[in-house]
Amino acid sequence: MYFNKHLLWVKVLSWRCALGCCCMHTNMAEPMELLCWGGDWDLPSVHSDSLIVLAYAKFSGAKLAVKSIDWTWRTITASVPQLHYEGSTVTEPAQILNFLRKQRFNADYELTAKQGADTMAYIALLEEKLRPALLHTFWVDAENYVNLTRPWFTSHSPFPLNFFVPGRQASLALSRILLTKAESPLLNITEVEGKIYSEAKECLNLLSHRLGNFHFFFGDTPTSLDAFVFGHIAPLIKAPLPSGQLQKHLNQLDNLCQFCNTILKNYFTDASAEKRMDCSLMATHDPVDANLQKLTQLVNKESNLIEKVLARFADSHLNLMSLEIAVTWLNVCGHCFFTMY
Amino acid sequence: MSVVHVMSLSTAAAEPWPEKATLYQPLKEDQILLSDSASSLAVQTFLRMCGLPVQVSCCANAEYMSPSGKVPFIHVGNQVVSELGPIVQFIKAKGHSLSDGLDDVQRAEMKAYMELVNNMLLTAELYIQWCDDYTATEISRPRYSSPYSWPLNHILAYQKQWEVQRKMNAIGWSGKSLEQVYEDVSQCCQALSQRLGTQPYFFNKQPTELDALVFGHLFTILTTQLTNDELAEKVKSYTNLLSFCHRIEHTYFKEHDRESQSGSPQSIVDIP
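As they're listed, the protein sequences go chains A and B.
Per full-length UniProt numbering, the first sequence starts with residue 1, numbered consecutively.
Per full-length UniProt numbering, the second sequence starts with residue 1, numbered consecutively.
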């Protein structure tokens, strides 16, 4: 009797767990939608603020349905990045990160109070010292703007917005730099340039000192500060800038470049690309990773082999694509034949 | 700073600190506003921490005399330097520095926290003064334009307000409500409080320019009468910041004021 009761409780509990899982599944099934600029230059997005949100989502495990605004009217109407969830809209990276934290996607869970305060301080440093120089490098510097930024944004905006979008962004960038950095007798941009670039280089040096030899700014797991730093420096490292004094300076800071590449490799490349890169580096970690790596190599070899066999078959006998088309056509004809007769 | 400016500062480094160094700020009783008063107090505190005597001179047109358009500025020998950042570098060139004992990581932290104060506290002060209609109408515009006669007072006050509103727009603060700004101030104070902890100064035993900057802003917020007390209440809720302000005021202002005749800031004790 007791055994039956116990069995009954177990059944009830398991039924309730299953129901709970179903409920969670239906709650989690609604993905959060993120609007951002598209990707290029090995980056998931070319826009700093969008990169910050994308990186934080990867770090905290949030599943986002990423929607690029390229070639849509949103290039001029939307303020990007923008998060949509259950009818509410959140803009600005800091607010989006707060929102994600409230939804229990918190990458800063293990930080101490002092580390949280340091995060705020370093983010302020980035905004004040590095952002004006980044805006200048991409949007105000004539060579970069004409040869890289404007063509990219023009080619990623629909007609007729491609005439307006880059110009509007450039004028916003210029006005932001002048209003925040230009002292009143020096309203000319050229006099401000020297100041903002020297401040940006100092900021990069400070970040490099703070990072030291660690993988991330606070230990071994990435946090929101890592997302902010990544979002700011990744476009600077990866973009093919014609004239980039700041880029040259950044390339000399090896630990920041390594930091950026580590994040790209571990969080943004797909599985097949990951296998081919830096296998020797992975081998120094614990044996589980080494086993996994060996298994994936094996699978990779097998898939390569299959591809070779199929290619040989396709070359020597029939084109694989035409074979598929032929089979599909036959299916369709067969269905028509049976429905008609 | 431009290259020429830096070179001129370094050539002035050889000269010792003169007796008649002067700090200029707007009129204390009638004209100066919260943000300018905070910056001025930060510079005065820094100079007292370095042990460099300076006379405070209040002029109605201090803002226009300043090379960068911002107050305060100091007149040392034949050099005129404005704003805390360049003043710290100028004084370092003269051989006085408060942050020499810090290593690279600590210096990075110090600069980051100084930017936090500038980014959050100073911007919040500017927002409350000029973008909040009630405060702007009751306090900021009348005070800012008090030395001037009609119609110049209206023109200058509205011009300044428009300039600050444009800046708020550019950095994305124009969409914020007053409650959000107070919340930002509270978060900034929380970060400072957590960083300070139970230490006497931010970098343990010795004060640095960060201490001067934080003191300047917090003390001014606590002692300035605005339309409501909400800003001061936000700061008062952090007891270690209050005791920090008391400590610096007692160490650097009470003792010196017994000897000198320069204007002393109002004591925290007198505030209701």
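Where is the CB? At the ideal position from N, CA and C, for every residue including glycine.
Closer than 8 Å to chain B by CB, residue i
{"i": "Ala-290/A", "result": "The predicted position of Ala-290/A is uncertain, since its pLDDT is 47 and thus under 50; a value taken from the coordinates is nonetheless stated next. False, the Cβ-Cβ gap to chain B never drops below 8 Å."}
{"i": "Leu-256/A", "result": "no"}
{"i": "Arg-168/A", "result": "no"}
{"i": "Asp-49/A", "result": "no"}
{"i": "Arg-104/A", "result": "no"}
{"i": "residue 381/A", "result": "Absent from the structure is residue 381/A, since the part of chain A shown begins at 1 and ends at 341."}
{"i": "Asp-40/A", "result": "no"}
{"i": "Cys-22/A", "result": "In this predicted model, Cys-22/A has a pLDDT of only 43, less than 50, meaning its place in the structure is not dependable; the value taken from the coordinates is given anyway. It does not: the Cβ of Cys-22/A has no partner Cβ on chain B nearer than 8 Å."}
{"i": "Leu-204/A", "result": "no"}
{"i": "Met-32/A", "result": "no"}
{"i": "Asp-118/A", "result": "yes"}
{"i": "Thr-180/A", "result": "yes"}
{"i": "Leu-43/A", "result": "no"}
{"i": "Tyr-267/A", "result": "no"}
{"i": "Tyr-109/A", "result": "no"}
{"i": "Arg-176/A", "result": "yes"}
{"i": "Tyr-85/A", "result": "no"}
{"i": "Met-277/A", "result": "Caution is warranted here: a pLDDT of 43 is assigned to Met-277/A, below 50, making its placement in the model unreliable, and the coordinate value is therefore given only provisionally. No, no contact with chain B."}
{"i": "Tyr-122/A", "result": "yes"}
{"i": "Ala-113/A", "result": "yes"}
{"i": "Leu-35/A", "result": "no"}
{"i": "Leu-100/A", "result": "no"}
{"i": "Leu-97/A", "result": "no"}
{"i": "Leu-161/A", "result": "no"}
{"i": "Leu-54/A", "result": "no"}
{"i": "Leu-125/A", "result": "yes"}
Bridge partners - residue i, DSSP secondary structure assignment
{"i": "Ile-74/B", "result": "Leu-23/B and Val-81/B"}
{"i": "Ser-57/B", "result": "Tyr-24/B"}
{"i": "Leu-34/A", "result": "Val-66/A and Leu-83/A"}
{"i": "Asn-204/B", "result": "Tyr-201/B"}
{"i": "Gly-219/A", "result": "Phe-216/A"}
Any chain A beta carbon closer than 8 Å to residue i
{"i": "Pro-18/B", "result": "no"}
{"i": "Asp-211/B", "result": "no"}
{"i": "Ala-112/B", "result": "yes"}
{"i": "Ala-191/B", "result": "yes"}
{"i": "Val-199/B", "result": "Just to set this straight, residue 199/B is Gln in the shown sequence, not Val. By this cut-off, Gln-199/B is not an interface position."}
{"i": "Val-235/B", "result": "no"}
{"i": "Asn-119/B", "result": "yes"}
{"i": "Leu-98/B", "result": "no"}
{"i": "Ala-124/B", "result": "no"}
{"i": "Gln-194/B", "result": "yes"}
{"i": "Ala-108/B", "result": "yes"}
{"i": "Asp-132/B", "result": "no"}
{"i": "Val-105/B", "result": "yes"}
{"i": "Leu-156/B", "result": "no"}
{"i": "Leu-33/B", "result": "no"}
{"i": "Glu-115/B", "result": "yes"}
{"i": "Lys-167/B", "result": "yes"}
Residue i beta carbon near the ligand ATP (any heavy atom closer than 7 Å)
{"i": "Tyr-127/B", "result": "Within the structure as shown, the ligand ATP is missing, as the structure has no ligands at all."}
Fill in: Complete beta strand (DSSP E) runs within the stretch 36-109 of chain A (minimum length 3 residues, chain order)
Look at the stretch 36-109 of chain A and you find these whole runs of beta strand (DSSP E), each 3 residues long or longer: 64-68, 82-85 and 88-91.
Worksheet item: Does the stretch 141-159 of chain A come close enough to the stretch 29-46 of chain A that 3 or more CB-CB pairs lie under 8 Å?
Response: Segment contact: the stretch 29-46 of chain A against the stretch 141-159 of chain A, three or more CB-CB distances shorter than 8 Å; contact assigned.
Worksheet item: Counting Cβ pairs, one atom from each stretch, are 3 or more of them under 8 Å apart for the stretch 253-262 of chain A and the stretch 227-242 of chain A?
Response: Contact holds between the stretch 253-262 of chain A and the stretch 227-242 of chain A, because three or more Cβ pairs, one in each stretch, are under 8 Å apart.
Fill in: Interfacial residues, the stretch 128-154 of chain A to chain B, with Cβ spacing under 9 Å
The residues in question are Glu-128 and Lys-129.
Worksheet entry | Three-pair Cβ contact test at 8 Å for the stretch 94-110 of chain B versus the stretch 59-72 of chain B | When Cβ pairs closer than 8 Å are counted between the two stretches, the stretch 94-110 of chain B is seen not to touch the stretch 59-72 of chain B, the count staying below three.
Worksheet item: Would you call the stretch 124-143 of chain A and the stretch 201-216 of chain A in contact, with 3 or more CB pairs under 8 Å?
Response: The way I'd put it, the stretch 124-143 of chain A does touch the stretch 201-216 of chain A; three or more beta-carbon pairs between them come closer than 8 Å.
Worksheet item: If you scan the stretch 74-136 of chain B from start to end, which runs of the beta strand (DSSP E) of 3 or more residues do you find wholly inside it?
Response: Those beta strand (DSSP E) runs which fall completely within the stretch 74-136 of chain B and span 3+ residues are 79-82.
Discussion item. Three Cβ pairs or more, each shorter than 8 Å: is that satisfied between the stretch 116-134 of chain B and the stretch 217-237 of chain B?
Written reply: Output reads yes: the stretch 217-237 of chain B touches the stretch 116-134 of chain B.
Discussion item. Could you check whether the stretch 165-173 of chain B touches the stretch 187-201 of chain B, counting it as contact only if at least three pairs of C-beta atoms, one from each stretch, sit closer than 8 Å?
Written reply: Touching, no.
Item to complete: Determine, using beta-carbon pairs with one atom in the stretch 82-90 of chain B and one in the stretch 30-48 of chain B, whether at least three such pairs fall under 8 Å.
Response: With a cut-off of 8 Å, the stretch 30-48 of chain B and the stretch 82-90 of chain B count as touching, because enough Cβ pairs lie within range.
Discussion item. Under 8 Å, with one C-beta from each stretch per pair, do the stretch 74-83 of chain A and the stretch 74-86 of chain B reach the 3-pair mark?
Written reply: Result no; under three Cβ-Cβ pairs closer than 8 Å.
Practice prompt. Count the CB pairs spanning the stretch 92-102 of chain A and the stretch 47-54 of chain A that are closer than 8 Å, and state whether there are at least three.
Written response: The stretch 92-102 of chain A and the stretch 47-54 of chain A touch, with no fewer than 3 CB-CB distances between them shorter than 8 Å.
Item to complete: Anything in the stretch 62-73 of chain B with a Cβ closer than 8 Å to a Cβ of chain A? List those residues in chain order, please.
Response: Result list: Pro-67, Ser-68, Gly-69 and Lys-70.
Worksheet item: Any chance the stretch 191-199 of chain A sits against the stretch 153-169 of chain A, with 3 or more Cβ pairs inside 8 Å?
Response: These segments do not touch.
Worksheet entry | Near-chain A residues of the stretch 170-191 of chain B (beta-carbon distance less than 8 Å), N- to C-terminal order | Cβ contacts with chain A come from Ala-170, Ile-171, Gly-172, Gln-187, Cys-188, Gln-190 and Ala-191.
Worksheet item: Which residues, in chain order, does the UniProt domain "Metaxin glutathione S-transferase" (200-263) of chain A contribute to contact with chain B at a C-beta distance below 7 Å?
Response: Using a CB distance below 7 Å, the part of the UniProt domain "Metaxin glutathione S-transferase" (200-263) of chain A facing chain B consists of Leu-206, His-209 and Arg-210, ordered along the chain.
Worksheet entry | Within the UniProt domain "Metaxin glutathione S-transferase" (200-263) of chain A, ranges of the alpha helix (DSSP H) (whole runs, at least 4 residues) | Within the UniProt domain "Metaxin glutathione S-transferase" (200-263) of chain A, the alpha helix (DSSP H) runs of at least 4 residues that lie entirely inside it are, in chain order, 224-238, 245-251 and 254-263.
Discussion item. I want to know whether the stretch 118-126 of chain B touches the stretch 182-199 of chain B - three or more CB-CB distances under 8 Å.
Written reply: Contact holds: three or more Cβ-Cβ distances are below 8 Å.
Worksheet item: Are there three or more Cβ pairs, one per stretch, closer than 8 Å when the stretch 15-27 of chain B is compared with the stretch 51-67 of chain B?
Response: Yes: at least three Cβ pairs fall under 8 Å.
Worksheet item: Do the stretch 233-251 of chain B and the stretch 141-161 of chain B meet, that is, are 3 or more Cβ pairs less than 8 Å apart?
Response: Flag = no, the stretch 233-251 of chain B and the stretch 141-161 of chain B do not touch.
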